[in-house]
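Enquirer:
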Amino acid sequence: MNLSDFSLASIAATSRRNTIRDLWDKLHHLPGGKRVFSRLIGAMAPYTGTIRAHVEVLERGRAEVWMRDLPGLRNHLRSVHAVALVNLAELTANTALAYALPDDARFIVAGLSIEYLKKARGTIRAVCECPVPDTSERREFQIPVSLLDATGAEVARAVLRSLVGPKKQP
Numbered sequence: 117m118n119l120s121d122f123s124l125a126s127i128a129a130t131s132r133r134n135t136i137r138d139l140w141d142k143l144h145h146l147p148g149g150k151r152v153f154s155r156l157i158g159a160m161a162p163y164t165g166t167i168r169a170h171v172e173v174l175e176r177g178r179a180e181v182w183m184r185d186l187p188g189l190r191n192h193l194r195s196v197h198a199v200a201l202v203n204l205a206e207l208t209a210n211t212a213l214a215y216a217l218p219d220d221a222r223f224i225v226a227g228l229s230i231e232y233l234k235k236a237r238g239t240i241r242a243v244c245e246c247p248v249p250d251t252s253e254r255r256e257f258q259i260p261v262s263l264l265d266a267t268g269a270e271v272a273r274a275v276l277r278s279l280v281g282p283k284k285q286p
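Each residue of the sequence shown is one higher than the last, beginning at 117 in the working numbering.
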């Protein structure tokens, strides 16, 4: 067993409880709690952490996550890079689904599609309304995400195909 076996992601995958829900429920109402939670999510998936997203709303079946338009996230057209947008969409859908899961369930993304509608500039807000699984029975879910600019215009929309199933036993 090595140190990586003790990562927050592996704890969440094998815990008897819903670690994401427990963390959010304990932190989000505290001063700076949403920022701490967002950084923890970034630490669980380090590549996702590179966009420095901020989880603003998280409840059963819904998440809102935003990211700033940072120079390191821009493309040659001076707009937010397509990969940063898909990263935000995946983070938002995964966080919404993870929060909604029963304590004995886990998931993995099996597919993802995204449609880019216009250049994304400024702060981008991702909104996800997702199904709420009532059991850990193996099942596939379609998780839609809408990405909006500061004016509320949709700049992209994504759908994640996620497989839910029971957690492996510790």
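All C-beta atoms in this analysis are idealised placements derived from N, C-alpha and C, irrespective of residue type, glycine included.
(1) Per DSSP, what kind of secondary structure is residue 173 in: helix, strand or coil?
(2) Residue ranges of each alpha helix (DSSP H) run of no fewer than 4 residues wholly in the stretch 152-238, ordered along the chain?
(3) Determine the extent of the beta strand (DSSP E) in which residue 264 is found, giving its start and end residues.
(4) Taking 9 Å as the threshold (C-beta atoms), are residue 177 and residue 166 in contact?
(5) Per DSSP, which residues does residue 137 bridge with? Please list them.
(6) Could you check whether the Cβ of residue 187 sits closer than 9 Å to any Cβ belonging to chain B?
(7) Based on Cα-Cα distance, which residue from 259, 184 and 267 lies nearest to residue 230?
Expert: Judging by the given coordinates:
(1) Residue 173: strand per DSSP, three-state reduction.
(2) Taking only runs of at least 4 residues, the alpha helix (DSSP H) segments lying wholly in the stretch 152-238 are 162-165 and 198-216.
(3) Counting along the chain, the unbroken beta strand (DSSP E) around residue 264 starts and ends at 255-264.
(4) No, the Cβ-Cβ distance between residue 166 and residue 177 is not below 9 Å.
(5) Answer is none; residue 137 lacks a bridge partner.
(6) Checking the listed chains, one finds no chain B in this structure; it contains a single protein chain.
(7) Residue nearest to residue 230 within the set 259, 184 and 267 is 259 (criterion: CA-CA distance).
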